[in-house]
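Chains as they are written, first to last, in my numbering: chain A, 1 to 431; chain B, 1 to 320.
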C-alpha cells in the first residue's frame, strides 16, 4: 500500500516536472509589426484620486479625437504593491500597453523579464524622451543604453513643517532653522520639549526596501551634490557623506526625536510629528488639516536651497511587451505627456512633470500657486534611484543594514554601511 | 433456539456450490478499478489537488534547481540547471537562517499555547455555563475577522503609548513590544494564538461530544474531582483532536506571513520577527528571484513534514 502511494506521488511529481520542462520559454511575437500597429489599447494608472481624475479627462480627450483607436483606462489592480501586480501581469502576458505608475526601481527587473518595450524602437523615441526631460533623462537610461521608461512626473522630497507646532515652541515659522544638521537637531529638540508634537519627524521605520527613499536617500543626494546610491557599478553610500547622513538620523532615533514604531495613519496630519519628509503629492492631503511650510532637506554644512539636491520620487510611464498596438500606445504616450496634458496633471495634482523647465513652462500656474514654486525649483535638482540590475535587492540590503544600525542602534552605522557596500558592489556587478 | 453459523461471503459462495461470477473488466474498469462511480466522485478532487498542490510543488522543486526567473510569454531566456546552488545560497544567508530560527520560537510558543488554551476553553464552553453562546461567538469572531483590521487593533494595544503599556505603567518594556527584538516574535505568537483560538476551540468542542458522559460518572464514583476528570478522561478522550490541532497549528504557524508583514513592518525590528515565508516573498516576488524563493519554500516543506512526523509520533501515539 505504501509502495503504491509512493509510486503515485512520484508519478505526480514527475508529471509536474515534465509539464514544467515543456512549459519554458516559447517563440517570440512579431515586434516589428506591433510597433506600427494601431487599434484599441488598455492603460493602467495609479489609484490616487487626483491622478484618476486627470487620467479620465486625458483618455476622454484622446478617444474623442481618435474614435478608431479607443483607449480604456483602469486603476492598477489591487495587490501588496503595484510592482508585484505588474510583475505578475508581465508573466501572465496580460499587462496593458502603458502603465502610468511604473517605479524606476523596478524597470531593470521588468526589463530582465522581457516585459518592456524600448522606447528607442520608435523613430522619434529617444529624441522625444531627451527633448522633453532634458539632461535628467540620462538617469533613466538602462544599462544597455536604451530608454524603457518615459520620465513622467516627480515629487521632489522636501521637509514639511507644521507652523502651529513650531510657533508653540517659539520657532520662526517663515524661515525655520532647519538648514544644517545641528540646526535641524536643535529645532527638533525644541519642538518636542515644548510639546509642539510628540516626535520631531516620523519617517516610516519599517523594513520595506523603498523606505530608505524617504529618510536616508534625500539627505544623501543633498550631502553629495546629487550622487546616486550606486554609480558606475560601485556603491557610493559608505562614503564620508553617507556616514554623516546615517549619524544624523541615528541621533534623531537615539534621542527619541523620531520613532522606531510603525505608525498607522499620517503622523504629520495627526499632529504626532512636527515635520514630514515627503513630496508635493501630499499637499492635497494636508489641505485644511495642517498649516504647513516646506524647506529643502538639511545638509551638514547648510547648502543654499539653489544647490540642494533631493530624491525625485518619480513615477514614470513604460510600454509593456504584451501590447499589440504599439503604434497607438506610442502616440497616446506622447499625447499624455504633452505640454497641455502635463499642465493639466500639474493643475490637478500638484505633481511636477519631469520636464526640462517646469517653472518656465507653466508660469501662470506658479504665479497662482506660489507654494508649489519651490517644488518646481527643486525638481531641477533631483536624483533618481540607480537604474541597475538587482535594484530592489540592493535597496533591501541597504535597508536591512540601515534599519539594524540607524533605527535600532544594534550596530555602528558606519560599520553597517561598509558591510552593506560590499554586498551591494557584488549585486551591482552582476549583469 | 438454534444458533446459525455466520459465514463469510466467500464461504457462502463456496457453500452454495456456485462458482463466483467472473466479469471481464473492460478498459474503464482497468482505469477506474472496482468502483468506477466512487472513482468518478473522487476524480475532481484529485484533479484539484494535482493542479493546486502537486503541480506548484513540482514546479517549485524544478525552479529551485535552476537559475529561474519569471518572464513574459515569448521571451527567450536561458535557465540553466544549477544543482544545489540556490540551496547553498539560501543556507548561507544569515537572514534566512534567522527567519527559520524565528519561526521555531514562534512554534514553541504558539503550538503548546494553542493546544492548552483551546482545550481548556472548549471544556469550559462545553459545560453548562451562563452566556455560553456569547463566549463561543466571542472566541470565533477574531478568527473570521480580516487580519488587516485586527492587526490595526493590536498595533493600538501594543505600541509604546498603547493600552497594554498604560496598564503596565513602569513595568512596560522599553523598547516596546513590537520593536523589541526579544519580544516581537513572542508577541506575534500570542497574537496568532488569540486570532486562531476560535477555530481550534471549535475542533475541540466537536471532539468533546464524543467523550461519553459515563466515563465522567465512573471517574466521579471513583472519587475523581474536576481536575482529575479533566486530566484522566477529557485529555485522553480528545487525543485524536489534539493530534489534528497540533498538526494544523504547526502547518499554519510555519506559513506565518501576514503578521510580520503588517504588525512588525516587514519582519522588524532588524529581522527579529521575519519568517521564512516573508523572506520567500521578498526574495522570490519583490526581488525577482523565484529560484531562491523556491529553495526556501522546499526547505520549509521538508522542515514542516519532519516536524509533523515527530509530533504525530509523540502526540498521536495513543490515538492510532
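For each residue, glycine too, the CB sits at the ideal point set by N, CA and C.
Small disclaimer: the values here were computed from a predicted structure and weren't measured.
- Nearest to residue 183 of chain B by alpha-carbon distance, out of B:74, B:263, B:54, is B:263.
- Residue-level contact by beta carbon fails for residue 93 of chain B and chain A, as no gap is shorter than 7 Å.
- A:57 is the residue among A:271, A:57, A:252 whose C-alpha sits nearest the C-alpha of residue 345 of chain A.
- Closer than 8 Å at the C-beta level to chain A, one finds these residues of the stretch 67-85 of chain B: 69, 70, 71, 72, 73, 74, 75, 76, 77, 79.
- Interface annotation, residue 414 of chain A: not in contact with chain B, CB-CB separation never under 7 Å.
- Membership of residue 289 of chain A in any alpha helix (DSSP H) is not indicated, and neither H nor E is assigned to it by DSSP.
- Segment contact: the stretch 363-375 of chain A against the stretch 142-149 of chain A, fewer than three CB-CB distances shorter than 8 Å; contact not assigned.
- Counted as a single uninterrupted DSSP element, the beta strand (DSSP E) harbouring residue 71 of chain A occupies residues 71-75.
- The beta-bridge partner set that DSSP reports for residue 383 of chain A consists of A:311.
- Pairwise C-beta distances place the stretch 237-249 of chain B in contact with the stretch 302-312 of chain B, as three or more of them are shorter than 8 Å.
- For the stretch 161-188 of chain B, the residues whose beta carbon sits under 9 Å from a beta carbon of chain A are, in order, 161, 175, 176, 178, 179, 181.
- In this structure, DSSP gives residue 42 of chain A an extended state, which the three-state scheme calls strand.
- For the stretch 208-224 of chain B, no residue has a beta-carbon sitting nearer than 8 Å to a beta-carbon of chain A.
- Residue 291 of chain B and residue 67 of chain B do touch by the CB rule: their CB atoms are close to 6 Å apart, below 8 Å.
- When 9 Å is used as the limit between beta carbons, residue 205 of chain A is near these residues of chain B: 179, 265, 268, 269, in chain order.
- Distances from the alpha-carbon of residue 36 of chain A to those of A:327, A:224, A:387, A:337 put A:327 closest.
- Taking C-beta separations shorter than 7 Å and ignoring five residues to either side along the sequence, the partners of residue 126 of chain B in its chain run 205, 208, following chain order.
- Using a Cβ-Cβ cut-off of 7 Å, residue 286 of chain B counts as an interface residue toward chain A, since at least one Cβ of chain A sits closer than that to its own.
- DSSP, read as helix, strand or coil, puts residue 37 of chain B in helix.
- Nearest Cα to residue 80 of chain A within the set B:299, B:305, B:258: B:258.
- In the DSSP secondary-structure assignment, residue 99 of chain A is bridged to A:44, A:318.
- Here residue 81 of chain B is exposed: its Cβ has fewer than 16 other Cβ atoms, across all protein chains shown, within 10 Å.
- DSSP places residue 328 of chain A in the helix class (H, G or I) of the three-state scheme.
- Nearest to residue 153 of chain A by C-alpha distance, out of A:107, A:306, A:351, A:308, is A:351.
- For the stretch 71-105 of chain A, the set of residues with a beta-carbon nearer than 9 Å to any beta-carbon of chain B comprises 80, 81, 83, 84, 87, 88, 90, 91, 92, 93, 95, in chain order.
- Flagged as an interface residue toward chain A: residue 155 of chain B, by a C-beta distance shorter than 7 Å.
- Beta-bridge analysis with DSSP links residue 66 of chain B to B:81.
- By the criterion of a C-beta distance shorter than 7 Å, residue 95 of chain A is surrounded in its chain by 86, 89, 115, 320, 322, once the five residues flanking it on both sides are discounted.
- Residue 105 of chain A and residue 238 of chain B have their C-alpha atoms some 54 Å from each other.
- In the DSSP assignment, residue 275 of chain A is bridged to A:161, A:201.
- In chain A, no part has a C-beta under 7 Å from the C-beta of residue 110 of chain B; the shortest such distance is about 22 Å.
- Under the criterion of beta carbons closer than 8 Å, residue 180 of chain A and residue 301 of chain A qualify as touching, at roughly 6 Å.
- Checking the DSSP bridge columns, you'll see residue 154 of chain A partnered with A:352.
- The Cβ atoms of residue 233 of chain A and residue 428 of chain A sit closer than 7 Å to each other.
- For the 7 Å CB-CB criterion, residue 311 of chain A and residue 221 of chain A form a contact.
- In this structure residue 396 of chain A touches residue 209 of chain A by the C-beta definition: roughly 4 Å separates them, less than 8 Å.
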